[in-house]
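S.K.: Before anything else, here's the structure in question.
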Amino acid sequence: MFSKLNNNAAFTLIETIVVMTIVGIISAVTFEFVARSADISRIAATQDAVYEDIVYALERMSREIQNCEISDVQNPATLVITDSKKTSCGKCVDKSTNITYSWVGGKLYRTGNISGRHVLADDITMFGVSQSGEVVTINITKSLDGYDISLKTSIHPNMDFEEVIL
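Take a look at the structure:
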């Protein structure tokens, strides 16, 4: 009449603890993987922002220096260029003919005789300008959240495309 209960149908306490321990270890490893991925993503975004700021500043400076008639390196942290062609430029938004790039207090400034002074880049830890003959070389280092990125470019002022081919 009375049937015996089958004791093998349920999990024992030991089995449950072992399963919970294994699940906990897997969860910890997975969390660490996700946390590292988030850190790497944040670092890459910071480095990308630093790089883009420097590239923008160098590109802006390079384009103006390539079109200038006179470039003058007053000291390693200041560059003065003169571009008299801008007065006749109908499409130019900024008609400044005298432009100064200077590094003051961690900021790179662009000052035009018409446009005034504007911050071109900030958090700059090093800005250097040198001139060898006609070639102007610019070095910029920017730091953000402990990450430093340095870029260097050389520019040939007032060089026509035909001169490069010949």
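Numbered continuously in our numbering, the sequence shown closes out at residue 158. Cβ atoms here follow ideal geometry from the backbone N, Cα and C, with glycine treated the same way. Computed from a predicted model, the values in this text were never measured in an experiment.
Please report how far the alpha carbon of Ile106 lies from the alpha carbon of Ala37, in whole angstroms.
M.R.: Their Cα atoms are separated by approximately 35 Å.
S.K.: What does the Cβ neighbour count give for Ile73, buried or exposed, with the cut at 16 atoms within 10 Å?
M.R.: buried
S.K.: Give me the Cα-Cα distance between Glu24 and Ile6, rounded to the nearest whole angstrom.
M.R.: When the Cα atoms are used, Glu24 and Ile6 turn out to be separated by approximately 27 Å.
S.K.: Where Thr133 and Val127 are concerned, what is the direct C-alpha to C-alpha distance, given to the nearest angstrom?
M.R.: 20 Å
S.K.: Since Val65 and Ser135 should fall inside the 8 Å C-beta cutoff, what is the C-beta to C-beta distance between them, to a whole number of angstroms?
M.R.: The pair is not a contact, with the Cβ atoms about 24 Å apart (cut-off 8 Å).
S.K.: Following the continuous beta strand (DSSP E) through Phe3, name the residue where it begins and the one where it ends.
M.R.: Note, Phe3: premise wrong, no beta strand (DSSP E); not H, not E.
S.K.: Grouping DSSP H, G and I as helix and E and B as strand, with all else coil, what is Val121?
M.R.: strand
S.K.: Give the single residue among Ile18, Ala27, Thr13 and Thr129 whose Cα lies nearest to the Cα of Ala69.
M.R.: Thr129
S.K.: Is the shortest distance between the beta-carbon of Met12 and the beta-carbons of chain C less than 9 Å?
M.R.: Given the protein chain composition of this structure (a single chain), no chain C is represented.
S.K.: Drop a sphere of 10 angstroms on the beta-carbon of Ser94, count the other beta-carbons inside from all chains shown, and report buried for 16 or more, exposed for fewer.
M.R.: buried
S.K.: In angstroms with no decimal places, state the Cα-to-Cα distance between Gln58 and Pro149.
M.R.: Rounded to the nearest whole angstrom, the C-alpha separation of Gln58 and Pro149 is 4 Å.
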